[in-house]
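Q: Everything in the sequence shown is counted per UniProt numbering, starting at 1 for the first residue and increasing by one.
Ideal Cβ positions, reconstructed from N, Cα and C, are used throughout, including at glycine.
Note that the structure is a prediction, hence the values are computed from the model and not measured.
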Amino acid sequence: HGEEMRFLFVLSSVAKNEKILTAELHLFRLWPRVTDGPKRHHFCQVSVYQVLEKDKPDTPGGKKLLAARLVSLQTSGWEVFAITPAVRDWTEDESSNQGLLVTVQGLGGSPLDPPPLRFASGRGHHESKKPMLVLFTDDGRRGASLPTAGFPDLKPQAPDLPAKMPVPKLGRSRSTRSLDRLKPCQRHPLSVDFEEIGWSGWIISPRGYNAFHCKGSCPFPLGENMRPTNHATVQSIINALKLSEGVSSPCCVPDKLYSINLLYFDDDENVVLKQYDDMVAGSCGCH
Numbered sequence: 001h002g003e004e005m006r007f008l009f010v011l012s013s014v015a016k017n018e019k020i021l022t023a024e025l026h027l028f029r030l031w032p033r034v035t036d037g038p039k040r041h042h043f044c045q046v047s048v049y050q051v052l053e054k055d056k057p058d059t060p061g062g063k064k065l066l067a068a069r070l071v072s073l074q075t076s077g078w079e080v081f082a083i084t085p086a087v088r089d090w091t092e093d094e095s096s097n098q099g100l101l102v103t104v105q106g107l108g109g110s111p112l113d114p115p116p117l118r119f120a121s122g123r124g125h126h127e128s129k130k131p132m133l134v135l136f137t138d139d140g141r142r143g144a145s146l147p148t149a150g151f152p153d154l155k156p157q158a159p160d161l162p163a164k165m166p167v168p169k170l171g172r173s174r175s176t177r178s179l180d181r182l183k184p185c186q187r188h189p190l191s192v193d194f195e196e197i198g199w200s201g202w203i204i205s206p207r208g209y210n211a212f213h214c215k216g217s218c219p220f221p222l223g224e225n226m227r228p229t230n231h232a233t234v235q236s237i238i239n240a241l242k243l244s245e246g247v248s249s250p251c252c253v254p255d256k257l258y259s260i261n262l263l264y265f266d267d268d269e270n271v272v273l274k275q276y277d278d279m280v281a282g283s284c285g286c287h
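1) Just mark Val247 as buried or exposed, buried being the case when its beta carbon has 16 or more other beta carbons within 10 Å.
2) In angstroms, rounded to a whole number, what distance separates the CA positions of Ser249 and Tyr276?
3) Taking the Cβ atom as the reference point for each residue, do Val104 and Gln45 lie within a distance shorter than 9 Å?
4) Using DSSP with H/G/I as helix, E/B as strand and the rest coil, what is Gly108?
5) Per DSSP, what kind of secondary structure is Asn270 in: helix, strand or coil?
6) In this structure, does DSSP put Leu101 in helix, strand or coil?
7) Within 10 Å of its beta-carbon, does Thr176 have 16 or more other beta-carbons around it, so buried, or fewer, so exposed?
8) Bridge partners of Phe7, per DSSP?
9) Is the beta carbon of Val134 less than 9 Å from the beta carbon of Gln98?
10) Rounded to a whole number of angstroms, what is the C-alpha to C-alpha distance between Leu222 and Ser200?
11) Which residues in the same chain have their Cβ closer than 8 Å to the Cβ of Arg207, if we skip the five residues on either side of it in sequence?
12) Select from Ser236, Leu11 and Cys252 the residue whose C-alpha is nearest the C-alpha of Glu245.
13) Take Leu112 and list the residues in its own chain whose beta-carbon comes closer than 8 Å to its own, dropping the five residues that flank it on each side.
14) Mind checking Pro254: buried by the 16 CB within 10 Å criterion, or exposed?
15) Out of Ala15, Asp278, His287 and Trp31, which has the shortest C-alpha to C-alpha gap to Lys129?
16) Using the Cα positions of Leu66 and His26, report the straight-line distance between them to the nearest angstrom.
17) Given this structure, state the Cα-to-Cα distance separating Ala240 from Phe212, to the nearest angstrom.
18) Between the Cα of Arg187 and those of Trp202, Asn225, Ile204 and Ile203, spot the shortest distance and give me the residue it belongs to.
19) Report the start-end ranges of each beta strand (DSSP E) in the UniProt domain "TGF-beta family profile" (174-287) that is 3 residues or longer and not cut off at the edges.
20) Is it true that the region 10-20 meets the region 61-75, where meeting means three or more beta-carbon pairs spaced less than 8 Å apart?
21) Whose CA, out of Val280, Thr233, Val10 and Cys218, lies closest to the CA of Cys251?
22) Rounding to the nearest angstrom, what Cα-Cα distance links Ser96 and Ile197 in this structure?
23) Just verifying my parser: in three-state terms, what is the DSSP assignment at Ala15?
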C-alpha cells in the first residue's frame, strides 16, 4: 500500500571476488501532494529494511532495519540510505536476496493516510529519477579495464580522395606544424567527451575529462628534462650517428599515468563506481 515500497535489485554482474566497500540505495523524493487544509506535518520518518521473509516481512524476524531518518516534506530531491550489510549478505548468498522494504510513517512511527511523501518508482517517472543501487567495490586489481567492444562505429575504409590532390600552399599552417615538431617533448591538454567517442550510453559521470597527451621532438642529445630511459638514450645516440638503418629517434610518450573514477551502469542497470587506471597522462618523456 501507499506507505510501503518494495525493491529487488539483481546483483548477477557483481563478481564473487569483489569486496563490497559501501552500498547505497538512492531514492528520488517527489514534491509532496497538495492536500486540503493546513499542513500538519513538516517531517516524516523513512525506514529501509532488508527483507528476510519474502511473503511475511511484518512477522518477527521477517525484516532487519538498515537505515531510518526524518525526511523533510518541504522539498524534493535525492535521498541516500546506506544498505551495505544487506548487499554483503546477498553477494555471499544470492538466494538470500529478498529485496528491500521502504516504509513512510509519521513521527514516532504513526501511520499517515494518505502518505504525504512519495518516491519516484521505476515505472511512470523519468528514467533519471528511478531508484538506484550504488555499489563501491574492490575487485583486488589495480584498476578496471575499459570495455574493448564499446567503441563507436569506426569505418576502416579511407574516405574518397580526389584523383588529383591539390598542392598545399606554403603558408602559416605548414610552418606552424614544422615548429610543433621542433618543440621539445611536453604534455598538452586533451579534452575527452564521452558522448563524442560513443561511451555516454554506459558512463553516467563524468561527462568527460582531460586525458592530456604527449607531443614534441626528442632531439639528440637527450637532456634530463626529457626524462629519457637508458634505452632511449642509447637509441638516440645510434640514430644521431646513423649506426643502424631504420632506427628512429625516441618517441614522446606518457611516462606517468593516473587513474580516474567512473560512475557507470553495469549489465543489470545497477550504478557502479569503479577506478580505471592509466587514463590520464601525468607527465611525458622520451622513450
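A: This is what the structure holds:
1) Here residue 247 is taken as the residue at index 247 of the sequence shown, counted from 1. By the 10 Å Cβ count, Val247 comes out exposed.
2) Taking the sequence shown and counting its residues from 1, one reaches residue 249 at position 249. Taking the sequence shown and counting its residues from 1, one reaches residue 276 at position 276. The alpha-carbon atoms of Ser249 and Tyr276 are separated by roughly 32 Å.
3) For the purposes of this step, residue 104 is taken as residue 104 along the sequence shown, with counting starting at 1. For the purposes of this step, residue 45 is taken as residue 45 along the sequence shown, with counting starting at 1. Contact flag set, yes.
4) Here residue 108 corresponds to residue number 108 of the sequence shown, with the count starting at 1. The answer is helix: DSSP assigns Gly108 an H, G or I state.
5) Start at 1 with the first residue of the sequence shown, and residue 270 comes out as number 270. Coil, per DSSP.
6) Here the question's residue 101 lines up with position 101 in the sequence shown. Note: Leu101 maps to strand in three-state DSSP.
7) In the sequence shown, residue 176 corresponds to position 176, counting from 1. In this prediction, Thr176 scores a pLDDT of 47, lower than 50, which makes its location untrustworthy; the coordinate-derived value is nonetheless stated afterwards. With fewer than 16 Cβ atoms within 10 Å of its Cβ, Thr176 is classed as exposed.
8) In the sequence shown, the residue the question calls residue 7 occupies position 7. Its beta-bridge partners are Leu100.
9) Here the question's residue 134 lines up with position 134 in the sequence shown. Here the question's residue 98 lines up with position 98 in the sequence shown. For the 9 Å CB-CB criterion, Val134 and Gln98 do not form a contact.
10) Within the sequence shown, numbered from 1, the residue matching residue 222 stands at position 222. Within the sequence shown, numbered from 1, the residue matching residue 200 stands at position 200. Cα to Cα, Leu222 sits roughly 41 Å from Ser200.
11) Translated into positions along the sequence shown, residue 207 becomes position 207. Same-chain partners within the cutoff: Asp193, Phe194, Glu195 and Ser200.
12) Locating residue 245 in the sequence shown gives position 245, counting from the first residue. The residue with the shortest Cα to Cα distance from Glu245 is Ser236.
13) Along the sequence shown, one-based indexing puts residue 112 at 112. Only Glu3, His41, Cys44, Val104, Gln105 and Gly106 meet the Cβ criterion.
14) Mapped onto the sequence shown, residue 254 falls at position 254. Pro254 is buried by the Cβ-count criterion.
15) For this step, residue 129 is matched to residue 129 along the sequence shown. In terms of Cα proximity to Lys129, the closest of Ala15, Asp278, His287 and Trp31 is Trp31.
16) Counting from one through the sequence shown, the residue named residue 66 turns up at place 66. Counting from one through the sequence shown, the residue named residue 26 turns up at place 26. In this structure, the straight-line span from the alpha carbon of Leu66 to that of His26 is close to 14 Å.
17) As a position in the sequence shown, residue 240 is number 240, starting the count at 1. As a position in the sequence shown, residue 212 is number 212, starting the count at 1. If you take the alpha carbons of Ala240 and Phe212, they lie about 29 Å apart.
18) What you label residue 187 is simply residue 187 of the sequence shown in a count that begins at 1. Nearest option by C-alpha distance: Asn225.
19) 186-188, 191-193, 203-205, 208-210, 213-215, 252-265 and 271-286
20) Segments in contact, no.
21) If you number the sequence shown from 1, residue 251 lands on position 251. Of Val280, Thr233, Val10 and Cys218, the residue nearest in Cα terms is Cys218.
22) In the sequence shown, the residue the question calls residue 96 occupies position 96. In the sequence shown, the residue the question calls residue 197 occupies position 197. Near 40 Å, if we compare the C-alpha coordinates of Ile197 and Ser96.
23) Counting from 1 along the sequence shown, the entry for residue 15 is found at position 15. It is coil, neither helix nor strand.
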